[in-house]
Every structure is written in C-alpha cells, then in structure tokens.
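Worksheet: one structure, shown below.
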Amino acid sequence: MVLAGCGAGGRSEDPGGASDVGVTPTSIKVGAHFPLTGVAAPGYSEIPTGTRAYFDWVNANGGVNGRQIEYIFRDDAYTPTQTTQVVNELVLRDQVFAVTGGLGTATHGAVLDFLNSEGVPDLFASSGSLLWNQPEQNPMTFGWQPDYEVEGKILGQYIAQTYPNARVGLLLQDDDFGRDGEVGVRRTLNTQIVSVARYTSGATDITPQVSQLQAQGADLVIGFTVPSYTARSQLAAQQLNYRPQWAYSNVGSDPTLVGGLLQRLSQGQSGPNPLEGVLTTKYLPGPEETNDPWVQLFSQVWAAHGDGGPLTSFRIYGMSEAYTFVQALQAAGPAPTRQGLVDAVERQGGGPDGFRGPAYPPFRYGPDSHAGMAGVAVARLQGGSTVPLTPVRLTDNGDAPITDAPAQERPAPPPQGIPTVVPTGS
Amino acid sequence: MQQFLDLTLSGLSQGAIYAAFALALVLIWRSTRVVNFAQGAMGMFTTYLALLAVDAGWSYWAALLLALGSGLLLGAFIERVVIRPVENGPELNPVIVTLGVFIALQALASLLFGAQYRSFPAPFGLTGLQAGSVNLAITPYGLFTIGAVLVTMIALVALFRFTDLGLRLRASAFNGEVSRLLGVPVGRMLTLGWALAAVVGSLSGLLIAGGELVWPAYMDPLIVYGFVAAVLGGLDSPAGAVIGGVAIGLALSYVSGYAGSEFAGLAALLILVAVLLVRPAGLFGRATVRKV
Amino acid sequence: MTAPERRSERPAPRSTAPPALVVEGLTATYGPVTALREVSIPTEPGRVTAVLGANGAGKTTLLRTISGLVRPQAGQVRLGERDLTGAAPETVAGAGVAHVPEGRGVITELTVEENLRLGSLLGRRRASGRGGPARGWSLDDVLELFPAIAERRRRPADTLSGGERQMLVIGRALLTEPDVLLLDEPSLGLAPRVVTQIFAVLRDLTEQHALTVVLVEQNARSALEVADTGVVLALGRVVAVSEAAELAADQALRHAYLGF
Amino acid sequence: MTSAVHQPPAAGGPGAAPAFAVEDVTVRFGGLTALDAVSLELGAREVHGVIGPNGAGKTTLLNVCCGFQRPDSGTLSRAGRPLAALAPHQLVDLGIARTLQGVGLFRGLTALENVMVGADRHRRAGFLAALLGLPRAEADRRALAERARSALAEVGAADVADRLPAALPYPVRKRVALARALVAEPEILFLDEPAGGLGSDDIDELAGLIRRLAERATVVLVEHHMDLVMAVCDRITVLDFGRVIAVGDPAAVQDDPAVAAAYLGEESARGDEGGTA
Amino acid sequence: MTDTEAAADVPTPGRPQPSGPPASRWSALVARVRRPGTPLGRHLRGLVIGAVIVIALLELVSPFRVSQITTLSYYVVACAGLTLLTGINGQISLGHGALMAVGGYTTALLLPAGLPFLVAILTGAVAAGIVGIIVGAAAAKLHGPYLAGATLALAVGLPGLALAFADTLGGEQGLTVDVPRPPAWFADAHFFLFGSDPSTTQYLAYIGALVAGLVLFLLANLHTSRYGRVWRAVRDDEVAAELAGLRLGRLRVLAFVVSAVCAGLAGGVLALATRLVAPSGFTIVLSLSLIAAVVIGGLGSLTGAVLGSAVIVFLPPLVTGLGARAGLSDVQAAELAPLTYGLVLVLVMIFAADGAAGLVRRLGGRLRRRQGPGTGPPRSGHDAAQESDDAARRTS
Ligand SMILES: Nc1ncnc2c1ncn2[C@@H]1O[C@H](COP(=O)(O)OP(=O)(O)OP(=O)(O)O)[C@@H](O)[C@H]1O
Ligand SMILES: Nc1ncnc2c1ncn2[C@@H]1O[C@H](COP(=O)(O)OP(=O)(O)OP(=O)(O)O)[C@@H](O)[C@H]1O
Ligand SMILES: [Mg+2]
Ligand SMILES: [Mg+2]
C-alpha cells in the first residue's frame, strides 16, 4: 500500500517528552480559549486582553528566562464543541507549550480529558469549579480562583454570625456555579435557608424567581449570579417592591460594572447606587481601588500595553492570572518541560510562601491538591467600592475549618512588576 | 396569592415583549412570506443607534424616533440588496439569507459598538406600582410596553383589514405575478413590507431594551420565544401574535415561578405542539381547506 | 377585405379615443428556447383579435410579453404614444392593459371579494388618472354576470371550483377599467353556456367601449366566431393573419393549424 | 371479456353489483350544499360522463369518491362492498385511480419516476432491502421502471421518460399524468377535465385512448368539452346545484331541455360536426 | 444532474461492506459493483474511493486536521440526515441539534456502563430514532413555518431536560465522556499498514469517518431506491402522492425517523469527539448551522451535505486566521469569523441558489460542454422557470 511509507509523516513527537513542544530558546507558546463572541462575550472577552497586556509587559522587560511569551487565545463562543475545536487547534496545530486561563466550566470541562491525555499543562482555569482539582485523574489541570464552595462557606459563615435571625433565600444560577455555591453556603448556614430559586442562564426574565423568594419570606438573599443576572435580580426586586438584604458572589458583584449599569437604568430617578450596602466577597483588588499598589502596577501595565479601553476588573483578573503563570514558568526553570511546569506548581505554588501576588489568599497547590485560592474576604459595597468587613478567611472544601489569614500577608508588587520566583530543586 | 398576582403581572409585561417581536415577524410574513431570523439582530442594531443618541444627550423620545427611522431604512435596504435576489428561488433560501444577515449584523455590532454590557434607559419608572397595600408587579414602563404593543397591533390589524395598502401588501406576498398584472408595484410593496416590519422590529428592540441590559446578543432569547408566539397565534394574524405572546409570557412566568425555569423551554414546546396538533396553522391562522 | 356586417353598427366614437395597441416584431426567449420570433399582430380599438395555434405555439408567451411578464429580445409594444416595450407588468397594467392569465390567476389566500377589490383599486386609479368617471364595468355588473361569484363573495378564493375561479379572474379584469384586454384561454374549464355568455359580453364591451381585445383560445371555432381578426401562430411565428371569417373559411389552414 | 364495450351497460346486470356506487351522498360547506343526495352507479367498463355548470359539484363528487371529502351523509360501495371512512391512499388497492383537474405531476421527478410512483403498489422490496441496496431492491426498481415505461408508451410519451415535467410541453405533461394513473392498473378511472387546455389533435387522441381504456376499465369523465363527452361517453350524469338533473345516454341528455337551459345554453345543438371518436 | 445522480457521486469515506449478504449472493454483488450502472455499484465504488481518500488524509495530514476531520464527520452525518428530511422529503427541521443531544447523551450515559462504544452510539441512534417517531408524528401535519416553529421549540426545550434531571444528565455542566483508546487490534493493524501507532485523535477520526461513510452509503441507497422516490413525491405534491396510494403520514414519520437516527449517530460521534455532552453544546446555534450547511451545500443532495458541512467546519477558523494575520486584534478577528460566515451565507444564496453542489454541477456541465457537444441532462429540482410555468397552469 502506497500510504504505508508516508504514514508517520504527520505525527508529532510523543507528548510530554523532551523539553519541549512550543518552547524555543527565545520564545514559549501559551494558549487559551475564551468566549470572544456570543452571549458570554460581554465582560469575559476582556480577560484575555488583560492577560496579553501583562505578558507584553513581561516580554518588554526581557521575557522569562530570555523567552518571549507568545500568547494565543481563541474564541469558543462559550460552546463546548467549539472549545474542543479551538483547543485542538491550539495543541495540535499551534503546538502550544501550555494552556492557561481557559474559561468556563462546561467549555473547559470539554477539553479536560484531551489536555491531560495529550500531556499539556492546563493551568489556572478561569472558573471556580471543583473539577479542576482532581490531581489523580487530571494531573495537568489546576484551578486558580477560590472555588465557589469555599466562597459560599465563608460568605455563609459571616451571615450566620452577623445576621443570626435572617431568613435566607438563595438565588442560584442553575449550573455548577450555583450548585457549588449552595453546597458551600449550606455547610455554614443550612438552617436559616427558607427558599431556593434557580434560574437558567439565558432566561430573559427572572422576576418569577425573585417573586418566589419574596413569597417565601426571605429577607436576606444570597445570589450566586453572573453580572447580568445580578442586575436583573435588582430590577426584578424593584418591580416587586422587594427589599431584602442582598449578598452576591464575587462573580456577579463587580460594583463598577453592575452598579454602573444599574445606575444608568434608573436615570432620572434620584437614588444612591442601587448596590449600596450589598454584601459580597473579594480576593482581588478592584479597579476602583486606585491606592492599591497592585492596581497601580496594573494601571501602568494597561497604559503601556492595553488596547485603550478602561481597566476593568476582568482585565485585572486576566493580569493576575498571567502574573501567576509567569511565576509558574519561572519556577519551572530555564529549560521548562511540560511535566516540569506542572511539578513546579505542585512544589512551589501553594501555601503562604507559594506564588503570591495581587490576590489576597494563597493557593492550595501541592502534590495532592490542584485547587486554587484558599479563601476570600467578606466585603460590603460602599460608595462604589468594596470595603472588606473581615480579614481574608481561609478554608478548604468539605468540612475544613474556616480560619482568618494572618494579617498583612500579601506582598507588595516587585519593583519591575515581574515576579522573581527561584526554582527549587525537586 | 400575592405570588400568583406577581407572576401574572410580570408574565404580562414579558408577554408584551414577546408579542412585540412576534408582531414584527407576522408583519414580514404577511407581506413577504419570509420568516425573518434577522429581525432580532436588526432591532438590536437600531437600538444601539438609539443608545448612541442617548449617550450623545438626546432625549429618549428623539432616540426612539431615530431608531424607528433607521429601522425603516435598514429594512428597506436589506430587502433590496439581499432578499430581492433570492425571492424567486427555492423557498428556504430567503430564510437562510436572513440567518446570514442575523449572524453578520450581530458580529458587526460587536465590532462597531463593542461586546460589553450597556444599559438602556427607560422613559418611565422601573419600580412596581402599588394599589393600597397590595404590590403590583408591574412598572410604569411595563404599562408603556403593553400600551405600545396594543397600539401597534391595532394599527396593523387596521392596516391589513381596512386599507388598500394592506390588501396590496398581502396580495404581493401571496402571488407576485398576479398582483403585478393588477397594477400593484410588487417590488415596492415587498420593500415597504420589510421596512414596516423593521420599524416594528426596532420598536420591539427598544421596548425590550428599556430598563435592561443591552449587548449584541441581547435579542437572542427573544427570537425563539417571539417566533414560538407568532406561530402559536398563527403567523398571519397580528392579534394572534399578541395573544400568542401573552400566552407564552404568562406560561413561562408560571412555569418558572412554580416549577423552575429549566422547564420554560419544555413548556413552550409542549404548548406549541399541543396547539399545533389541534390547529396546524396556529390559533388564528387558516389552513388550506380545499386541496383538490 | 370586407368586414362582416355587424361591424357596420359600431357605436359612436367616444370623446377621447382609447389608445391603440401596437405589437410589432416581438421576439422572446426562455433561455435557449425561442418562444416568439418577430411576431406582429394587428389590433385595433373596438376589435377582437383571436390568436390561435397549437400547444406550445407561443400564444401565452405573446400575451406575457405584451403585459411585461416576459421581456422581449426585440420588437415593440406600444399603447398609443406610450412605449411599453419591456416595461414592468404593473406599469403596463396601469397603462390600461388587463391580462387574464392562463389558469391560477386567483390569489387563493384572499377572499373572493378581496380579489375583486384588487381589480377595482386599479380601476379607480385609472379612472381618476383619466379624469373621467368610471366607464367600464362596476362590481355589480360583474356580480350580475357571474351570480355564482356573488354568492361566494366572502369565502376564501381557494374554495372556489375551477370554473368559478376562471369567472372571478375575468370579472376582476373587467373591473380594472382596461383599454386593452388580453385573455388567455378564457373558456378553459367553463361550462359551454357560460362561454357563450362571456363571449357575448366581450363582444358588447368591445364595441361599446372601443376596447382592444386579444383573445387566445384553443377552441378556435368559437374564438373565430367572436373575433374580427385571426392570427395563427406556429412554433413562435405568425403563419397567417386575416379576417376571422376568412380564416374560418380557409379549409387548408384550418386543417394544418387549427385542427377543425 | 365482452365485446359490448359500446353498449351502455345498464347499471350492472341483474344481480351484479355495480363496479362503484354512490348513494344519496350529501356534502355541505357551511351554508352551501355542494352535493344534494346524489347517487351514481358505475357499471363495469363503461365510460360515464359527469357534466354540469361550474360549481355544480362535479369535482366534489370525485373528491367524495376518492376519499378527499367526507360526505355529510350517504354511502359509497365498490362492487357491492360498502366503503366506510375511505381515505385516498386506499384507492389504489381498491383498483381506483384518478387524475387531477390540472396536471399535478411531481416536479422534482422525471416523467419515468412520476409514473413509477404511480406503480408503487407493485413494489416488492422492503425498507431494509432499500437501505442496504440489496439486489432485491434493484430488481424491484427495474420491474417498476418496466411497467412505467410501458404505461408511458401507451399514452405516447415513451420518448420523454427521462425529462422533468418542466421541460415538457403541456399536453405531454397531461399524458404523463394519465400514465401515472394507468400504471396502477385501475379498474375504475376518474378523469377530471382531462381535455382542459388541450388542442383538438390531442383531444382526438385522448378520445381514442379513453375508448381503448374502456375495454379494461370503467372511466368516469368530468369534462366541459362537449365534443369529447358526446363522442366517448356511454352514459352521462348531469349535475346542477349539487343535484342530479339528468342521467342517460348522450343523445338523450343533449336533447333534455333542462340540461340545455342549465348547462349547454341556447346554441347547444352544434358540436356534432367535429366529432372525434 | 438529477437528484438521483447527485446521490451517486457522493464521496463516501469509511470502509465498505453493508452487513454481509450471504455468500451465494456475493458474486452477484461483485458483478454489480463491477458494472457501475446500478446504483448500488456506484455507491459501493464511491464508498471505496472515499475510504481510500479518507485513509490517505488521516495518515498524511497534521493531527489538527485529523481532529477537524472528526468534526467534519459528525456534521456530515447530521447534515446527510437533514438533507433527507428537508431536501428530499420537504420537511424543515430547526431542531436537529436536540436530536443530536439525545444521541450524545445516550452515548455518554452508556459508555461508563462498559458498553463498547459502537453499541453505545448505535443505542444513542435508536433513542434519537424513538424521539424522532414522536416528533415526526406530531409534525406530520405541519408545514412551512409552523413546522419550523415547532422544531425550533424542540431545539430550545429538549436541552432543558438536562437541567431538570441534573442528577443523571449532569445539568449545565453536562457529562464527560470517556474516550475509547485505540484497541490493540486496531493499533496492530495500523502499525502493520502505516508503520506507526495510531493516536487517539486518529482513532476517533477513523470512527467518525466510518460512521459518516456508512451513513452516506446507506442514505445514498435509500435516495435512489423507492423511498427516495416516494419521499420526493410527497414533497412535491401531497394530493397526487396520496392518489398514488402513498401514506403521507407514515412516509413523513419514516423520513423523520431515518433523519433522527442520523442525528443520533452524529450526536454520539460528537460526544466522543468533544469528550463532553452538555446543553450548551446542543444549542439552537447548532441546529441552525445544520440547516444552513444543508442549504449552502445544495438542498436535496448528499454531495451538498458534505460540501456544506465542510464550509461550516473549515470557514470560521480560516477567516479568523486571515483576520489575525491581517493585523486585527484577536477579539476583532474572532468577530470577523461570524461576520464573514454570515456574509458567505448571504452570498452563496444570492449567487448559487442551488448551493455548492449546484455550483459544482454547473461548472462541471460547462466543462463538459466545452469539451464537446452533447446536451446536458435536464435541470433538476427547484427551477424557477418550471415553477412559474407550473403556476401558470390551471388548478391549485
Ligand atoms: N417558463 C418557461 N421556460 C422555458 N420554456 C417555456 C416556458 N414557458 C413556455 N416555454 C416554451 O415556450 C414555448 C411557447 O409556450 P407558450 O406557453 O407560449 O405556448 P402556448 O401557445 O400558450 O401553448 P398552450 O396552448 O399549451 O398554452 C413552448 O415551447 C414552451 O415549452
Ligand atoms: N372546501 C370547500 N369549502 C367551501 N366551498 C367549497 C369547498 N369545496 C367546494 N366548494 C364549493 O362547492 C361547489 C362545488 O364545487 P366543485 O369544485 O365540485 O364544482 P365543479 O362542479 O367541479 O365546478 P367546475 O366545473 O367549475 O370545476 C362550488 O360552489 C365550490 O365553491
Ligand atoms: Mg398557453
Ligand atoms: Mg371541477
């Protein structure tokens, strides 16, 4: 048969072998998938622009170990089938060294198996799902942000302590986000919950859900909602003349975004920021905190390498993720391999002395854990900003206790704004 | 009881929005026999124009007029440039063209206006009304929406039933050749039909956007439920569109309030299938009686 | 050529003479098929021209070319001063040419009444454009001529029987105040009595209003009875033109082209 | 087979049930009575004309006979067996075929395929054979094509087998449609205005064909073309306003004053010179 | 070229062999293949040629292209089924994504139970077929936009089940699918033929291509058989079809079921290819892409289904790549893909009303004409002249 001779031509070398795919002496290729078009594009499409700006900043300062980071991100329109395609493209055609910051639970979940079977490091998924923490099954995958269960636990505990008589309602997005969040909240607040309403993302109107919370007498509502539905829940409450104490997951409480949107809607009617007084959590500084040294750094980065738009919390998120990635790359040493990168994160990433940066809590990385940040601080929205009410609280999934993090733990940004992680021998 | 009232009233407001969209679909169907998937994207586009105007300091009403006017032009433009060449081809081709226009317009909007959330102001309050101590889950803006939809519906019924223009529009849609032999300028009628439908579509885009978030894909869910509403009512009937819209609005409201919003799509499916099984051309549509 | 005697009692000419239809040298093709080759037909206000010929001779194409549904490759269509060659059908209709198409001329999705209204709309527009009062047939006249239609005014037109549809289309054309009437097989599907009746009415109308009528018929015998002039088409060409009576008398021609 | 095809068989011999019978059928559309207690008996191998003014109910009568229209009252029977709740797709198995007023060809199918659809009842192979392309399916296709070809040949359209209807002249299309009805080998054939739009040569041929058909089937002819009707029919039923106003042989019907008034009109007496058969 | 012929020259990837006929008939079958006059012969030949091309591609092109071929294969399967339904039987469906979901979920649920993946995929197809019976029966009386509306509602409604039964169906997050690794026999055979071990990507592509090849082969058989003929008859004229003794309802439902089975198979392959089934993978966008592919390719032709699928699969990445190379920001380049895609839909419809297959056919016809005289075959399908001509004829 004619084909036999040329059969092996198309095959690439064994994955996970020598140093390595996507790495040259002067460059290193990194990929990501984000919803750049379609329903989920608003907001989320800004994250990779932040990441890119930070990588450009690093590149302008000489790169990592003399290598320029080549960052390729592709659009998956938030549909898993397309994620599969673009990640195939990234891995098989672009031959990226690693994937970082892939966004979405269902979308990224679709490529989990593929990335792990191809041996591609899959760092710092942009979602708080518990899926990323399965080191046995998915050794190449790591989470980054605090998972929703951890967030729910800490928020729930604060509410249980501060509002012991509140009748709590839950407004949940009907997916892993809402479900994990509910699991967390129930661990610390179970008995106070009087009502649970779920909306499916894509629903045009969530008045029925809010009405249910109202009907069942909830006077404090915790929302695990994405920003657009945070705004909608506020609108629905206004329509229903329903005024509970609101608490929202960090995901949907961006005061600049949601507050700004709501404020413009009620144009003509006087009133404070509709989100004033709302409880939420926090693990990164927001763009409005211009005194924060990290925000100052990122403003500089964005001014130098941004696309001219405003510095939003999504972009800060993207830059912070990029910062952690650079730390990981440094820890992998001058001749990074795929396995070496993963080992480095496990070895050096976790704990108070691990990869520290703009985020308040430390990571939980270790040989047995690929979970992201260990906690959040509870905060209140006030005057368009998030004001911490508690110190950063740390915990883990399941029954792990909640503890306050040692005060003043987060380091200041390094002088150049570029981390200086020194690889430790393995 | 209060919850039932809330669900009913919010279902009504939501239903009015579906109805607005369905009206635009009915108008285009009646005057060109095309199901226009680009309707939502066209409404979205003109709403963005209105938003630019509002941002530039225009009043809501001036922006509304701008949106309606640009809808008129956009509708006429699309009919002339992309629908006209495929009108005489196979039946499905115009549908695919509108699908293409839908996708392209949405992408264009993202390129021109950005993919972020924007908020669109409402000309009336967004706080629920109160009757004595009873809270009514309906806002002044919701009342405005319902009123606007009813006025549009009545105008359309009057147009089709009582005016010569309406008769010409319908005749053109049904049988272009014969209409032309009767002196009806069919080409102009089709353009006009699209233009008018685009005006109604723009109106629906604005009504939906008011007091809500706007982004290039904000009309997407409406397309499905608006279409379902139009089909439910019988695509030929403006009154059917409104009744279909309100029925879907109420049904979805009850279902998501009492059963959970994951059942909303299923409920719409079941209602539609149940109705179509009994009446294959919708509640107010007329199926061909005589085949031979 | 002498006209048959009934032509001697022509009505007094109207104050404004209706424009004359001129059809000259029409050539029309459908892709590779040439359906008409340099066809000219004699027409005159107040006269009926019958166009005859076998299936596929090009009769329908001729009418469609006159009314603008088919664009001619060459040749001319004029109505009085106006050049209508290649004009859009709605323009031609507006100019006063009413075309009763072959079959399927009913808009089935509308009611009977709405179909008729479409005819009256054009009629009213034409009457007001001419400045004069309506002179053609009124709705009542049409309903009286076709009582079957009158009874079914409010019904959807798709419930009509084949013949009822044909009546509707003819009636509708009469309502448009035409100067020229193009009839494509009007007798198709009609009961013999109705055909006789319609041809009688046609005769009257032509004479009273100096209508120009082009009548396409398969039924050559009855067509030649009502027509003044006969034209025979074969394979897209005119093979004979003469007074109707002469044509009917020409045995050889009849056998060769008209089959009777 | 009897040779008495030209003798109008009196509706069934003694004891023999008529091939097809309509009894007391009434159909109403809203306020309009389209058929009013109409009865019709068809003998074997007769050519039966149905005439009447427009809107008299002729097509409706055929629709009733073919299951497209459920009668409000009345019954149908085929060879003595009553037909309850007749549906159009059952006709073929009852040995009944019909052509439509107009053409009604499948425009995406070639002439041959059109006729093959008509012959579909003679298929043998099932779904699985078709799916797998088994030889059985292929043999089936050939057999149907063979039948279809001979039917096309019978109506004189053999040479257009591979053309689409759009490419055919109108009379040829009507022939193909007739072939599609014939190929099912019906014992009763309903023809709705088969001569409509045809030139006189084609009508002559049609008349010949109908006569030939009458040697093996009953033909019901709805037609306004009186020359044809008079030439080929053994018996004629005249409908007016949904009622039977006359039944009888052509000459009798033509002389019936009621028929002349309702249908033929004053100058009805002509139409004999150009007879065809 | 008539519809029938269009079905004949389908490039059919995969491997030959309908379930083996008894040995006695084997020689007859071989004879038939040698004599390409019969439809079966043509289809088998197409299948073999397709298989050779696909195997060559899978062994020669880069792994990324191989994965694209897998994607292409499930689009082809679904579009071929939809072609049969919409193009050949005249029933529009905007809900085939939901039927794919049925197949995909069934596959995903059965795989962990240890069933061989082919059994799982086939069961998925059967499940989709059962749903197809229900939907088809409900849809049998609907026409045009009403059918479109009902199937659109199906596309939106059915994935809701995944949320309602989140415990078994995994909710929004969906179910992950364990991808089968190449079994030893396959790896051995592959090594023997090509001198290398097959990657999982290749293996999946082989599965996809096999399914696509078989489906195209079987549908081509159906298309040229009695069923293709009567389905088209039902599409063209219901009344005449009934008079010919066809049972409209049954034939419609049958077409729906066959088409649903294809969608189910496609869903199964999709589940393997994307390693996940989730509601967001089966949105209305998928359903609309399918119908768009079918129409772009050329309604009613299986070749068209393949061409249309190729457009859907290869165009967006191509455009994004071009945009990025032209110096647009990634976000802008990403928007460029849908923009171009939308414009291509519009332009194809304007300039090639009968789709890519029609275009190919016409170009082929022109070449042939240039090469020598001889009349081309009659025009097929929807042809405007015919429509107006028919319209000008009596009755309605
Ligand atoms: N739409 C069309 N496309 C291609 N050819 C056509 C079309 N319409 C008519 N023809 C061809 O043009 C020629 C003239 O047709 P036309 O319909 O004018 O004839 P006719 O004399 O009216 O025939 P009939 O008596 O059957 O009505 C015929 O050969 C016919 O096949
Ligand atoms: N479905 C229907 N709804 C309402 N009226 C109908 C329907 N079908 C037929 N009719 C009416 O019933 C009457 C009989 O119609 P039918 O078609 O049987 O007449 P016909 O004798 O065939 O006339 P023609 O010679 O004109 O074809 C007509 O007046 C027609 O308008
Ligand atoms: Mg003609
Ligand atoms: Mg009739």
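Residue numbers (the working numbering), protein chains in the order written: chain V, 2 to 427; chain S, 5 to 296; chain Z, 10 to 269; chain U, 106 to 382; chain D, 907 to 1302.
Glycine is no exception: its CB is placed at the ideal position from the N, C-alpha and C atoms.
Model, not experiment: these values are computed from the prediction.
- Inclusion of U/LEU214 and D/ARG1138 in the CB contact set at 8 Å is warranted, their separation being smaller than that value.
- One alpha carbon belongs to D/VAL1008, the other to V/SER127, and they sit about 29 Å apart.
- Under the Cβ distance rule, V/GLY170 does not count among the residues neighbouring chain D, no pair being separated by less than 8 Å.
- Among the residues facing chain S, Z/THR168 is included, as its CB has a counterpart in that chain under 8 Å away.
- Taking 8 Å as the threshold, the shortest C-beta distance from U/ASN168 to chain Z does not fall below it.
- Counting only heavy atoms of ligand 3, the residues whose C-beta sits closer than 7 Å to one of them are, along the chain, Z/LYS68, Z/THR69, Z/GLU111, Z/ASP193, Z/GLU194 and Z/VAL225.
- Taken in chain order, the complete alpha helix (DSSP H) segments of 4 or more residues contained in the stretch 1216-1244 of chain D number zero; there are none.
- Checking the 7 Å criterion, the Cβ of U/LYS163 is within range of a heavy atom belonging to ligand 4.
- Interface residue (Cβ-Cβ distance to chain D less than 8 Å): V/LEU37 is classified as such.
- With a 10 Å radius around the Cβ and a threshold of 16 neighbouring Cβ atoms, D/THR1074 comes out exposed.
- The beta carbon of V/ASP293 sits closer than 7 Å to those of PRO286, all from its chain and outside the five residues before and after it, given in chain order.
- It is roughly 9 Å from the alpha-carbon of S/LEU226 to the alpha-carbon of S/ALA26.
- Taking 8 Å as the cut-off, the Cβ atoms of V/PRO36 and V/LEU104 count as close.
- For Z/ARG134, the chain S residues whose Cβ falls inside 8 Å of its Cβ are GLY187, in order along the chain.
- Residue-level contact by beta carbon fails for V/ASP206 and chain D, as no gap is shorter than 8 Å.
- Scanning chain S for C-beta atoms nearer than 9 Å to the C-beta of V/PRO424 yields nothing, as the closest lies near 39 Å away.
- Counting C-beta pairs closer than 8 Å gives three or more between the stretch 997-1012 of chain D and the stretch 1169-1178 of chain D, which meets the contact rule.
- Taking C-beta atoms as the reference points, Z/ASP188 and Z/PRO28 count as a pair closer than 8 Å.
- Taking C-alpha positions only, S/LEU200 is separated from V/TYR324 by approximately 54 Å.
- Neighbourhood of D/ALA1240 in chain U, by CB distance below 8 Å: empty, with the nearest CB roughly 41 Å away.
- Residues of chain S whose Cβ lies closer than 9 Å to the Cβ of Z/ARG163 do not exist; the shortest such Cβ separation is about 13 Å.
- Straight through space, the alpha carbons of V/SER118 and V/LEU280 are spaced by roughly 42 Å.
- Contacts between D/THR944 and chain U, judged by CB atoms closer than 8 Å, involve GLU243 in chain order.
- Listed by position along chain D, the residues whose Cβ is nearer than 8 Å to that of S/VAL101 are LEU1251, VAL1252, MET1255 and ILE1256.
- Placement of the Cβ of S/GLY180 at a distance of 7 Å or more from every heavy atom of ligand 1 is found.
- In summary, V/ALA336 is exposed, with fewer than 16 beta-carbon neighbours lying within 10 Å of its beta-carbon over all protein chains present.
- Against chain D, the beta carbon of V/ALA107 has neighbours under 9 Å at GLU1078, GLN1079, GLY1080, LEU1182, ALA1184, PRO1185, SER1186 and GLY1187, listed in chain order.
- DSSP places U/GLU128 within a strand segment (E or B) once states are collapsed to three.
- For the C-beta of U/PHE232, not a single chain Z residue is nearer than 7 Å; the gap to the nearest is close to 36 Å.
- For D/ILE1190, the C-beta contacts it makes with chain S under 9 Å involve ASP224, ILE227 and VAL228, in order along the chain.
- Residue contact with chain Z for S/PHE164: absent (no Cβ-Cβ distance below 8 Å to any residue of chain Z).
- In this model, D/VAL1219 and Z/GLU123 are separated by some 49 Å (Cα to Cα).
- Around D/HIS949, the beta-carbon contacts reaching into chain U at under 8 Å are GLY238.
- As the crow flies, the alpha-carbon of S/LEU115 is around 30 Å from that of S/VAL232.
- Put simply, of V/PHE115, V/LYS154, V/GLY44 and V/GLN246 the residue whose alpha carbon is nearest the alpha carbon of V/ARG394 is V/LYS154.
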